[in-house]
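In our numbering, the protein residues as written are 262 to 381.
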């Protein structure tokens, strides 16, 4: 049997869903005094909502347009409301003009954030 007719070796399937080894989703990381969230934002949606994780990011939809930072502000207000923290505790770190954003939430433990973001 030559190399061209040989079947490729079977591969072990990848784990389902983006999850770290200890069971934490990849879109959230604990940091000093809070958590960082990787967000994929969809502006001009039909309604404001937080959806299931999409790859390594949490998908969030807002009705605001991406003009004059309106979508960013809508994102931060939605996260503050969902997580039950003041708006001042939610800060946009990266991605001011991109759909891919990094948000820091001060004073919120990892477990509490996961419980509020991933509830059915």
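The C-beta atom is built at its ideal place from N, Cα and C for all residues, glycine as well.
Quick caveat, the model's predicted, so the values are computed rather than measured.
| said: For residue 371 and residue 286, I'd like the C-alpha separation in whole angstroms. | reply: One alpha carbon belongs to residue 371, the other to residue 286, and they sit about 11 Å apart.
| message | What does DSSP give as the partner residue(s) for residue 295 in the beta ladder? | response | 292 and 367
| Sequence-distant residues of its chain with Cβ nearer than 8 Å to residue 377 (five each side left out) | Only 343, 344 and 345 meet the Cβ criterion.
| Other residues of its chain near residue 364: CB distance less than 8 Å, five sequence neighbours each side excluded | 297, 298, 300, 336, 337, 340, 351, 352, 353 and 354
| query | Which residues mark the beginning and the end of the alpha helix (DSSP H) in which residue 341 is found? | reply | 331-344
| query | Is the CB-CB distance between residue 306 and residue 322 below 7 Å? | reply | When the beta-carbon positions are compared, residue 306 and residue 322 come within less than 7 Å of each other.
| said: Let me check one thing: in DSSP terms, what residues is residue 379 bridge-paired to? | reply: Residue 379 is not bridged to any residue.
| said: Let's test the definition: count the other Cβ atoms within 10 Å of the Cβ of residue 293 and tell me whether it reaches 16, buried, or not, exposed. | reply: exposed
| said: Within a Cβ cutoff of 6 Å, which residues of the same chain sit near residue 290, ignoring the five residues on either side of it in sequence? | reply: 297
| N-terminal and C-terminal residue of the beta strand (DSSP E) that residue 355 is part of | 351-355
| said: Let me make sure I understand the geometry here. Which of 314, 368 and 333 has the alpha-carbon closest to that of residue 288? | reply: 314
| task | State yes or no: is the C-beta of residue 295 within less than 7 Å of the C-beta of residue 367? | result | yes
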